[in-house]
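Step one of this worksheet: look at the structure below.
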Amino acid sequence: MKQDIRSLLLSALVALTAAGCAEGAQGGTRAPAPRAGNATTLPGLEGPVTVTSDRLGIPTISAASRQDALRALGLITARDRMFQLDLLRRSNGGRLAEILGRGLLEADTRQRELGVPQAATAILARLPESQRAALDAYAEGVNAYLRSAEALPIEFQKLGYRPEPWRPEDSILVVLGMFNALSESEDSERTQTVLTQSLPRGVMSFLLESVDPYTRALLGAQDTAPPPLPAEELRALVAQSRKARPPSRRVLGEDAGEAPVGSNGWAVAGQRTRDGRAILANDMHLELGVPNIWYRAELRYGEREVAGVVLPGVPVVIVGTNRHVAWGLTSLLGDVMDLVRLETLPERPGEYRTPSGWKRFEVAQETIKVRGEPDASVTVRRTIWGPVAARPLLGAPVAIRWTALDPEGVDLGILEMDRVRSVDEAVAVMSAAGGPGCNVLLADRGGRVAWTVTGRMPRRRGFDGSVSVSWADGRAGWDGYLAPAALPRIVDPPSGFVVNANHRMPLAQGAPVLAHDHANGYRAYRITERLREARPATEADLFQLQLDTRAEFFGFYRDLALRVLTEEAVSRRPALAEARRAAAAWDGRADVSGVGLPLLVQLRRVLTDDVFAAWFGAKRDGEPDLTLALPDIDTPLQRALEARSADLVPAPAGGWDVFVLAALEKAMAAVKQESGGRPLDQLEWGAVSRVRIAHPLGASPELAALLNMPDEPLPGCSVCVRLSSHTVAASERLVVSPGHEQDGILHMPAGQSGDPLSPHYRDQQRAWVDGRPLPLLAGPAEHTITLVPERR
Numbered sequence: 037m038k039q040d041i042r043s044l045l046l047s048a049l050v051a052l053t054a055a056g057c058a059e060g061a062q063g064g065t066r067a068p069a070p071r072a073g074n075a076t077t078l079p080g081l082e083g084p085v086t087v088t089s090d091r092l093g094i095p096t097i098s099a100a101s102r103q104d105a106l107r108a109l110g111l112i113t114a115r116d117r118m119f120q121l122d123l124l125r126r127s128n129g130g131r132l133a134e135i136l137g138r139g140l141l142e143a144d145t146r147q148r149e150l151g152v153p154q155a156a157t158a159i160l161a162r163l164p165e166s167q168r169a170a171l172d173a174y175a176e177g178v179n180a181y182l183r184s185a186e187a188l189p190i191e192f193q194k195l196g197y198r199p200e201p202w203r204p205e206d207s208i209l210v211v212l213g214m215f216n217a218l219s220e221s222e223d224s225e226r227t228q229t230v231l232t233q234s235l236p237r238g239v240m241s242f243l244l245e246s247v248d249p250y251t252r253a254l255l256g257a258q259d260t261a262p263p264p265l266p267a268e269e270l271r272a273l274v275a276q277s278r279k280a281r282p283p284s285r286r287v288l289g290e291d292a293g294e295a296p297v298g299s300n301g302w303a304v305a306g307q308r309t310r311d312g313r314a315i316l317a318n319d320m321h322l323e324l325g326v327p328n329i330w331y332r333a334e335l336r337y338g339e340r341e342v343a344g345v346v347l348p349g350v351p352v353v354i355v356g357t358n359r360h361v362a363w364g365l366t367s368l369l370g371d372v373m374d375l376v377r378l379e380t381l382p383e384r385p386g387e388y389r390t391p392s393g394w395k396r397f398e399v400a401q402e403t404i405k406v407r408g409e410p411d412a413s414v415t416v417r418r419t420i421w422g423p424v425a426a427r428p429l430l431g432a433p434v435a436i437r438w439t440a441l442d443p444e445g446v447d448l449g450i451l452e453m454d455r456v457r458s459v460d461e462a463v464a465v466m467s468a469a470g471g472p473g474c475n476v477l478l479a480d481r482g483g484r485v486a487w488t489v490t491g492r493m494p495r496r497r498g499f500d501g502s503v504s505v506s507w508a509d510g511r512a513g514w515d516g517y518l519a520p521a522a523l524p525r526i527v528d529p530p531s532g533f534v535v536n537a538n539h540r541m542p543l544a545q546g547a548p549v550l551a552h553d554h555a556n557g558y559r560a561y562r563i564t565e566r567l568r569e570a571r572p573a574t575e576a577d578l579f580q581l582q583l584d585t586r587a588e589f590f591g592f593y594r595d596l597a598l599r600v601l602t603e604e605a606v607s608r609r610p611a612l613a614e615a616r617r618a619a620a621a622w623d624g625r626a627d628v629s630g631v632g633l634p635l636l637v638q639l640r641r642v643l644t645d646d647v648f649a650a651w652f653g654a655k656r657d658g659e660p661d662l663t664l665a666l667p668d669i670d671t672p673l674q675r676a677l678e679a680r681s682a683d684l685v686p687a688p689a690g691g692w693d694v695f696v697l698a699a700l701e702k703a704m705a706a707v708k709q710e711s712g713g714r715p716l717d718q719l720e721w722g723a724v725s726r727v728r729i730a731h732p733l734g735a736s737p738e739l740a741a742l743l744n745m746p747d748e749p750l751p752g753c754s755v756c757v758r759l760s761s762h763t764v765a766a767s768e769r770l771v772v773s774p775g776h777e778q779d780g781i782l783h784m785p786a787g788q789s790g791d792p793l794s795p796h797y798r799d800q801q802r803a804w805v806d807g808r809p810l811p812l813l814a815g816p817a818e819h820t821i822t823l824v825p826e827r828r
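Put into structure tokens, the structure is as follows:
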């Protein structure tokens, strides 16, 4: 479901703007709105509003009402992030080619085929009045900036266009973009459908085992034993692969095993702290860029005070605190999409079968404007269940039934978190809200903690959603959504803390299945292990836990390497001595100064490629180009390797040890190639672990230093609590106790501003890289704006 928009943006924007962009970097200053004496007018205001900014450019908005606070938020966000706002609505609404050219036409076509713009309009029409009023107020603020800015950001200047007024439905488009960013279920359903058609049932159970060893340890006796190793079936698959032509592309895709889009979250109850306060910690892992996806803000209106981060374009504090309750989110990886197999007949062209008989496809033409070229026309087909997917599945058309495209499935209910006063009230608000599916971690001023989920969850009949089936006879389908009271929750656990790191949570027997693709439980296991030791816990303790780089997860691959790197093996292949020294030197952590981990990470990747290609590289019947998406590659891989049977892996004639040694040699060669030939036992992890945080124009060598964050070593790894990969890492780190916000911590990469000439463009980056806490609350005011209603 997700698409690689960032790489397309980089190439398109560079092509359009590299020539001359640097010389225009000294663009004019920007005024937020017309002046009226010593104040600034903002149309629509009901009363005066004060906006102060501290040394980091973090705004504190003080108003009499929520609506006025959101008007000011729209104004200030547009001042700092207007180009980001415009890109977000255009990418999600299928309108990038209009400003960036043909290179973005495919991305636009995908959004138009899904009907995302129409969905946004329909969702807006169904929102409660309070939510619609919030969107209207925010739009008024954005548009006040657009009407009065003396100079727009340099991106608009160089691309030669002026952004259109902001509409309330544009905010919905941004929300739907977050649905897209967190959606994993289309690729998973395609994978399971194909494999179900081509693999023995025992192999399917083995590959899709829902509980890895770390999660099993967390669940304890609540879970069943793992499925048996299907040795005979795997041997048959390996034997078949030896006769078949090797797959032309990686079976699991280029990023298999890399850091997932997910998050860490936990809440520690008062019984585990020194003074009875409950503390929340949350770091959300997303693809990073400049400016950062989040915008820091404090809002004070009436008796309500909210602090945290907002998603530019959406007038809601996504994670934060209202001084009574603090909340954090992690991706649920929930199954909120189904691929409905459509039944068609050659003799009935243009029709498909439904429970009420044959119906004609709804066909429409979408016109996409393309910069410098004639408009493109796209034919879109829709069904009663949703749009027809561009890609068929096993040769048959499928329709996409997705919560994000359903007006009943999306709302801004999280807006009401500003009023809750206890975890019980927060659970009620969150479980009723219609945002992207997420785990919710909660802490309140009374020292209590809780976990629940948010987002509308389908109530399925006749199937479990894991594979594509036909809904034509009415036996399978959705019967609306689960009631909020039916969603799982854990309140005041005996342990005194709740943890979620995208893993499977302990649920009561008979609880609804909300997801099939939980992340490996190592991060949750490590967090739980540390929390059990931390008593009494403080904000500083929990922040340090967010920076934990312990990586025992890779211990399996170190032990595997050392087992085969015997004296005899090294004497026959002296080059392997370097690998043995590197593996033996690893200290179990992913710190930038450590050695050995680059080899182990690459060994895991090589073993994954070789073993999974042998198991089902030739079994993608009808879908030869499908990149298979599996929730957990390590559990089946490690179980097969532990058997030490040459027949279960693509071992050469020399046997199992020879297979592992060959994998080590491949890994050594790959690491040396990437590192310029440096000795493996001297290659530090920091030479490999470098997160790319780039502006859309930052691929241009002339602009990289100005626009991108520095390319420097970063601690952490793809499975560490301090999660990091080349593109994904913590997009923010929050630690806060409700009622003790003065002790709270919040930092994020880059800075508040999207303007590279602003002092706030990168002034939080250093603290984020170094793991240094910044205060949650804004500091002393260094700049003040007074907003007043427009005179009539």
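Numbering (our numbering), first residue to last: 37 to 828.
Idealized CB from N, CA, C, for every residue including glycine.
Quantities reported herein were computed from a predicted structural model and do not represent experimental measurements.
Residues in the same chain with beta-carbon distance under 7 Å from residue i, minus the five sequence neighbours each way, listed in chain order, please.
{"i": "GLN788", "result": "LEU92, GLY93, ILE94, ASP116, TYR331, ARG332, HIS796"}
{"i": "ARG148", "result": "GLY130, GLU402, ILE404, VAL414, VAL416"}
{"i": "ARG66", "result": "Confidence at ARG66 is low in this model, with a pLDDT of 48, below 50, so its placement is unreliable and the value that follows should be read with caution. Contacts found: ARG115, ALA185, GLU186, ALA187."}
{"i": "GLY815", "result": "ASP90, ARG91"}
{"i": "GLY349", "result": "LEU121, LEU124, ARG125, ASP206, SER207, VAL210"}
Look up residue i in the DSSP assignment and say whether it is helix, strand or coil.
{"i": "LEU812", "result": "coil"}
{"i": "TYR337", "result": "strand"}
{"i": "THR602", "result": "coil"}
{"i": "GLY807", "result": "coil"}
{"i": "TYR797", "result": "coil"}
{"i": "LEU478", "result": "strand"}
{"i": "PRO672", "result": "helix"}
{"i": "PRO667", "result": "coil"}
{"i": "GLN788", "result": "coil"}
{"i": "MET320", "result": "strand"}
Between which residues of its own chain and residue i is the CB-CB distance below 6 Å, once the five residues before and five after are set aside?
{"i": "TRP651", "result": "LEU273"}
{"i": "GLN62", "result": "Confidence in GLN62 is poor, its pLDDT being 35 and thus under 50, which makes the residue's placement unreliable; the coordinate value appears in the next sentence. Within the same chain, GLN62 has no close Cβ partners at all."}
{"i": "PRO811", "result": "none"}
{"i": "VAL353", "result": "VAL342, GLY344, VAL346"}
{"i": "LEU335", "result": "ILE97, ALA105, VAL342"}
{"i": "ALA114", "result": "VAL178, TYR181"}
{"i": "LEU636", "result": "PHE590, TYR593, ARG594"}
{"i": "SER467", "result": "THR488, PRO520, LEU523"}
{"i": "LEU243", "result": "PRO672"}
With distances taken Cα to Cα, identify the nearest neighbour of residue i among the options.
{"i": "VAL87", "options": "ALA99, TRP394, PRO79, ALA158", "result": "ALA99"}
{"i": "ASP411", "options": "ALA519, LEU132, GLN167, ASP747", "result": "LEU132"}
{"i": "ALA305", "options": "ALA521, SER299, ASN318, ALA314", "result": "ALA314"}
{"i": "GLY204", "options": "GLY110, VAL755, ALA426", "result": "The question names Gly, but residue 204 is Pro in the sequence shown. The residue with the shortest Cα to Cα distance from PRO204 is GLY110."}
{"i": "HIS539", "options": "PHE533, PRO548, ALA560", "result": "ALA560"}
{"i": "THR763", "options": "GLY780, ASP779, VAL772, SER725", "result": "SER725"}
{"i": "VAL755", "options": "VAL772, THR232, GLU588", "result": "GLU588"}
Do residue j and residue i have their beta-carbon atoms positioned less than 9 Å apart in this structure?
{"i": "VAL707", "j": "PRO634", "result": "yes"}
{"i": "GLY752", "j": "ALA626", "result": "yes"}
{"i": "LEU477", "j": "ALA464", "result": "no"}
{"i": "PHE397", "j": "GLY408", "result": "no"}
{"i": "THR227", "j": "LEU598", "result": "no"}
{"i": "ALA817", "j": "ASP311", "result": "no"}
{"i": "ILE436", "j": "GLY445", "result": "no"}
{"i": "ALA469", "j": "ASP480", "result": "no"}
{"i": "ARG107", "j": "GLU165", "result": "no"}
Could one say the Cβ of residue i lies closer than 9 Å to chain B's Cβ atoms, at least one of them?
{"i": "VAL764", "result": "Among the chains of the structure shown, chain B does not appear; only one protein chain is present."}
Using a Cβ-Cβ cut-off of 8 Å (strictly less than) and excluding sequence neighbours within five positions of residue i, which residues of its own chain qualify?
{"i": "ALA605", "result": "LEU612, ASP693, LEU697"}
{"i": "ARG340", "result": "ARG102, ASN358, ASP454, ARG455"}
{"i": "GLY213", "result": "LEU124, SER127, ASN128"}
{"i": "ARG808", "result": "HIS783, ARG802"}
Mind pulling the alpha helix (DSSP H) runs of 4 or more residues that sit fully within the region 98-132? For the region 98-132, the continuous alpha helix (DSSP H) assignments of 4+ residues that do not extend past its boundaries occur at 102-129, in sequence order.
As an exercise, report each continuous alpha helix (DSSP H) stretch of at least 4 residues that is fully enclosed by the region 561-587, in chain order. Whole alpha helix (DSSP H) segments, 4+ residues: 575-582.
Give the list of continuous beta strand (DSSP E) stretches no shorter than 3 residues that lie fully inside the region 480-538. Positions of the beta strand (DSSP E) runs, each at least 3 residues long and wholly inside the region 480-538, are given as 485-490, 494-497, 513-517, 525-527, 533-536 in order along the chain.
Counting only runs of 4+ residues fully inside the region 667-726, write out the alpha helix (DSSP H) ranges in chain order. Taken in chain order, the whole alpha helix (DSSP H) runs of length 4 or more contained in the region 667-726 are 670-678, 692-711.
For the region 347-423, which segments carrying the beta strand (DSSP E) assignment without a break, of at least 3 residues, lie completely within its bounds, in sequence order? Complete beta strand (DSSP E) runs here, min 3: 353-357, 361-367, 373-377, 387-390, 393-396, 398-406, 409-418.
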